[in-house]
Each structure stands twice: as C-alpha cells, then as structure tokens.
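Quick notes on the structure that follows.
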Amino acid sequence: MRALLFSCFAPRADDSPEQDSKTPTTPAAATTTKKKSVRRLRSATGRLRSLSLDDLSRTLASSGLHAFTVSELRAATRGFSGSSVIGEGGFGPVYKGFIDDRILPGSGLEPQQVAVKCLDAEGPQGHREWLAEVVYLGMQLRHPHLVKLVGYCCQDHHRILVYEYMARGSLEHHLFKNLLSSLPWATRLKIAVGAAKGLAFLHEAETPVIYRDFKASNILLESDYTAKLSDFGLAKEGPQGDDTHVSTRVMGTHGYAAPEYILTGHLTSRSDVYSYGVVLLELLTGRQSVDRRRRGREQNLVDWARPYLRRPDKLHRVMDPGLEGSYSDSAAAKAAMVAYTCLHSVPKSRPRMREVVELLEPLLEMRGDVPAGTFVYTAQPSVKKVQAPAVVVVVGDDKADGGGDRCVLPRGAGGEPPRQSRDRGA
Ligand SMILES: Nc1ncnc2c1ncn2[C@@H]1O[C@H](COP(=O)(O)OP(=O)(O)OP(=O)(O)O)[C@@H](O)[C@H]1O
Ligand SMILES: [Mg+2]
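Going letter by letter, the sequence shown gives residues 1 to 426 in full-length UniProt numbering.
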C-alpha cells in the first residue's frame with residue numbers, strides 16, 4: 001500500500017512535458033522544463049510538501065477517499081463501454097458508473113452512481129492534473145458547492161478519478177446545447193449563487209486557492225440544479241505573505257481568462273472573479289463567451305454585451321431571448337451590474353467573490369416583477385457529450401510552473417484567437 005501511494009504521488013517520468021509537442025526538445029531545455037514540472041507538482045500538492053511518506057499514507061487513509069482498482073471500475077462502468085460515456089474533455093473520457101457492495105465488497109461505500117474520469121494517455125493532460133484533483137478535492141477542500149471526489153485509481157499507467165454523479169451534467173450543456181428547453185431565470189440565479197459560493201470558499205480557504213479554469217463546462221449541476229465546481233487540474237495556491245500575485249504560465253480557457261493574466265501571467269483571485277463575470281454574462285445572455293459563428297464584435301461576448309450592462313433601459317437587448325422576458329427586470333439589472341464590476345479591467349476594482357454572493361443572493365427572493373409566463377423546465381441532459389467549444393490556452397513562455405499541454409499565444413496577444421490544442425469536434 002505504501003509503495004503504491006508513493007508511486008502515485010511522485011511525478012511520473014512518462015508524464016513529463018517532454019511528451020508534449022509544444023515543449024522544448026533540446027536536452028537542456030527539457031531538463032529545465034522537467035524541473036519546472038516537478039516544482040509545479042510540489043506547489044499543487046501544497047501542504048503535502050512537508051509530509052513524510054508515512055504521514056502522506058495516513059493523510060490519504062483519513063481523507064475518506066477510496067482507492068479503486070481498474071477491474072472494480074471496469075465492473076462499475078459495464079467494461080468502460082461506449083454506452084456509459086457521458087462526456088469527454090481535456091483529461092479524457094468520462095463514464096457513468098454504479099458502485100455497490102457487489103462491486104466493492106466490504107468497502108463501506110454507499111451504493112451510488114458515480115462519474116468515472118479516465119486519463120487519456122494520448123491527451124494533453126497528465127499525472128499532475130490528476131494529482132492536483134486528488135489533493136485539492138480529496139484531501140484539502142470539501143464544500144457543498146465543490147463536486148465530491150469519491151476516490152481514485154492509480155494502477156500501473158492508469159490515472160482515474162471517481163466523482164459523485166451530477167445528474168444534470170454541465171451548465172454548458174444546459175445553456176448552449178439543449179435546444180429543446182431553456183433554463184428559467186430563477187434556476188440561472190440559483191446556479192450563479194451556488195457557483196459564486198464555491199469560488200468564494202476557495203478564495204477564503206486557509207491556504208487560498210485560485211481556481212484558474214472557471215467556465216460553464218466546469219460547473220456541474222445536481223438534480224435540483226445545485227451548482228458544484230469540478231476540475232481542479234489547473235487550480236493553484238494563491239500568493240503567500242507579502243506577494244500580491246503568483247507568476248505562472250498562463251493557462252485557462254480562451255474567452256474566460258482575465259486580460260491582465262493573459263498579458264502578464266500575474267495570477268490573483270481577481271482573475272477568477274473576471275472569469276466568473278464571463279459566466280454570469282453567459283447566464284444572462286444565453287450566449288457563449290466566444291462564438292465564431294457570430295458576426296464581428298458579437299463573437300466576443302464581453303465586448304458585445306459590456307456597454308449594455310450598466311443601462312437598465314437597454315439591458316433587454318442582450319438578455320437571453322430564451323427567457324422570453326420571464327425575469328425580474330430589477331433583479332436582472334442588479335445581476336448585470338455585478339457582471340459589469342466582475343469584468344472591470346482593473347483587477348482591484350473587481351469585487352471579492354464573497355461580495356458577489358452577498359449581492360446576488362438577495363436577488364433569489366426578487367420575483368415581484370417577473371411577468372407571468374410559461375415556466376420552462378429542462379429535460380434530463382442527453383447522455384452523450386456534444387462538442388465542447390471552449391479552447392484551452394496557454395500564453396507566454398514558461399515561468400514558475402511549466403506544464404505545456406495547452407494552446408500557446410505569444411504574451412500580449414490576449415485579444416487574438418489562440419491556436420487550438422485539440423480538436424474537440426466541429
Ligand atoms: N461528476 C460528474 N457527473 C456527471 N457528469 C460529469 C461529471 N464530471 C464530468 N461530467 C461530464 O463530462 C463532461 C466532460 O467533463 P470534463 O471536465 O472532462 O471536460 P470539460 O469540462 O468539457 O473540458 P475541460 O477538459 O476543458 O475541463 C462534462 O461536461 C459533463 O457533462
Ligand atoms: Mg471540465
């Protein structure tokens with residue numbers, strides 16, 4: 001067991017960035033990059049840094065995470081069958097599974113549906129993203145608005161994450177891929193408040209965490225539309241002591257990443273606040289942060305919608321037509337103002353996530369001026385993932401944390417579309 005744990009938490013040689021086509025190929029550069037990769041891993045493991053192997057084993061044992069074997073997960077997902085696939089992102093395919101005493105005799109785990117996310121060995125992510133997820137979600141952070149990690153599998157080359165199953169899938173699916181129905185206003189607000197609480201919790205943690213990849217596809221929904229954040233592969237500890245920011249290679253998703261982060265690589269919790277503003281805007285408008293199918297300025301949601309956000313008299317022009325006007329005008333105006341401040345170009349002028357929660361939560365009660373209209377309920381999400389339109393980007397050269405698996409933009413070219421790191425469908 002101890003040996004297994006140790007091998008799980010040590011960086012794997014085959015996980016080093018040399019495998020990545022965008023990383024240096026000369027031996028010297030490769031060594032440097034590898035060192036950076038190890039540094040990044042240490043940073044991601046945060047408090048685990050100083051733990052001895054024994055302590056690490058005890059910590060993991062007391063975390064309540066279950067260590068699955070591949071054959072247990074094969075049984076849980078009907079042999080990782082195609083019909084069990086519920087999605088696929090940069091990490092790899094995600095399967096729906098079911099665990100009970102028949103599959104895990106004597107484990108003590110409740111019978112439950114789970115989402116089983118398998119690392120794609122050919123994909124852009126690797127052991128360090130897997131490890132960051134295990135450390136953050138499994139060992140450090142527990143909150144009603146963070147998706148729960150049930151366990152993990154680290155057997156041979158397999159790196160698998162087992163989560164609680166979120167019955168309604170991702171917010172991205174409901175906003176942009178469900179053509180049959182539209183989320184009602186009250187549900188959108190509930191999601192906005194839940195996701196804000198999740199981010200506020202991360203920013204206020206004993207060791208603050210910057211999430212770095214806040215976007216609609218990483219917000220998962222329970223059957224009652226409780227929002228939970230998933231995907232901590234890019235999460236990073238916030239600045240310590242007198243530092244005002246963390247310097248990192250810029251990673252995140254085009255259309256959501258804060259402009260100053262793209263330009264400078266300086267990461268603060270206010271970068272997450274900007275991304276939150278983008279998602280809030282998506283909830284209000286029903287439009288994606290970047291949509292190449294639209295004309296000119298409309299391709300970039302922030303550029304197009306920002307001028308309307310402070311104008312209650314004109315706000316209806318950018319509100320989602322799918323709402324059919326069934327929302328409180330005053331609540332919408334207040335939510336739009338929150339989005340506006342979150343998207344402020346000066347990071348310090350953006351609110352803290354706790355303030356965002358305090359501003360948005362009262363809007364849940366504002367139903368007075370919602371016009372009577374048809375209530376639209378969304379159907380259960382379809383089981384198969386459609387294409388994910390977001391493009392993951394990396395900007396600038398290597399800095400503190402290496403890890404070159406995503407798209408690269410020259411630093412300072414924040415307004416330009418990134419090269420796409422992977423084809424995720426048309
Ligand atoms: N715990 C879960 N419960 C239910 N469905 C899930 C769960 N985790 C992931 N999914 C589904 O799998 C899809 C893919 O998730 P994943 O996080 O791997 O990729 P992504 O968010 O689309 O892209 P990226 O790699 O950029 O994060 C999600 O959109 C969702 O539909
Ligand atoms: Mg995701």
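For every residue, glycine included, the Cβ atom is placed at its ideal position computed from N, Cα and C.
Linking residue 237 to residue 204 through their CA atoms gives a straight-line distance of about 11 angstroms. Looking at the backbone, the Cα of residue 297 and that of residue 291 are separated by about 10 angstroms. Between residue 261 and residue 269, the gap from beta carbon to beta carbon reaches 9 angstroms or more. Here the C-alpha atom of residue 173 lies approximately 7 angstroms from the C-alpha atom of residue 217. The set of residues with CB atoms less than 7 angstroms from any heavy atom of ligand 2 reads, in chain order, 89, 217, 218, 230 and 231.
No Cβ-Cβ contact shorter than 9 angstroms links residue 222 with residue 188. The beta-carbon distance between residue 276 and residue 353, rounded to whole angstroms, is 7 angstroms. This is short enough to meet the 8 angstroms contact definition. Around the beta carbon of residue 159, 16 or more other beta carbons sit within 10 angstroms, so the residue counts as buried.
Here residue 131 is buried: its Cβ has 16 or more other Cβ atoms, across all protein chains shown, within 10 Å. Counting of Cβ neighbours within 10 angstroms places residue 121 among the exposed residues, the total staying below 16. At least one heavy atom of ligand 1 falls within 8 angstroms of the beta-carbon of residue 167.
Not a single heavy atom of ligand 1 lies less than 8 angstroms from the C-beta of residue 279. Spanning the alpha carbons of residue 360 and residue 274 requires a straight line of approximately 16 angstroms. DSSP places residue 215 outside both helix and strand once states are collapsed to three, so it counts as coil. By the CB criterion at 9 angstroms, residue 230 and residue 109 fall outside the cutoff. When DSSP states are grouped into helix, strand and coil, residue 98 belongs to the strand group.
DSSP, reduced to helix, strand and coil, places residue 221 within a strand of the structure shown. Sequence-distant Cβ neighbours of residue 316 in its own chain, meaning closer than 7 angstroms and more than five residues away, do not exist here.
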